[in-house]
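Have a look at the structure below, then the notes.
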Amino acid sequence: MSDPALRALQRSVTIEVQDQVVTLRGYVADKSEAEQVARVVRSVPGVMQVDRKLITDDDMANAVTDAIRSDPASRAAEVQVSAHHGTVDITGLAPDRAAVRRIESVSGQVPGVQVVHNMVAVRRPTVATA
């Protein structure tokens, strides 16, 4: 790949070719990066079709957030999720250790997630003053 931006993607995108159909799998930062990769592949002589199975960082972060919010054991947590090429970082507060563990478990089950960095802390109880 001669394009420097595309060379950087070699580690995160795999290319499969069968019967002049190219399938792209892996991780990209955003939809514009996915379009750029597909555009370059379509320009290769002999390519008849490009099947994009690329996951954007935003899509992955949203999928993990949705999974946490839809899980009864972890939905009470207040979390922020970011993703980068299959690695998910989760920060925030949870009501207890069980919820923290469940967040990690639920996040790891989302398709495409390879690594979960769970930095969620247990919320400190508030003390009522009279």
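Going letter by letter, the sequence shown gives residues 0 to 129 in numbering that gives the first Met the number 0. Every residue, glycine too, gets a C-beta built ideally from N, C-alpha and C. Quantities reported herein were computed from a predicted structural model and do not represent experimental measurements.
Out of HIS84, VAL80 and THR86, point me to the one whose CA is closest to LEU92's CA.
Closest in alpha carbon position to LEU92, among HIS84, VAL80 and THR86, is VAL80.
Neighbourhood of HIS84 by C-beta distance below 6 Å, restricted to the same chain and skipping five residues each side
SER11 and TYR26
So ILE54 and GLY111 are supposed to be a Cβ contact under 8 Å. How far apart are they, rounded?
5 Å
Between the Cα of VAL43 and those of VAL16, VAL63 and SER69, spot the shortest distance and give me the residue it belongs to.
VAL16
With burial defined as no fewer than 16 other Cβ atoms inside 10 Å of the residue's Cβ, what is the status of MET59: buried or exposed?
buried
Can you check DSSP and say which residues form a bridge with VAL78?
Partner(s): GLY91.
Would you mind giving the Cβ-Cβ distance between THR90 and VAL119, rounded to the nearest angstrom? I have them listed as a contact below 8 Å.
A Cβ-Cβ separation of about 7 Å places THR90 in contact with VAL119 under the 8 Å criterion.
Tell me the rounded alpha-carbon separation between ASP95 and ARG122.
7 Å
As assigned by DSSP and simplified to three states, the class of MET118:
strand
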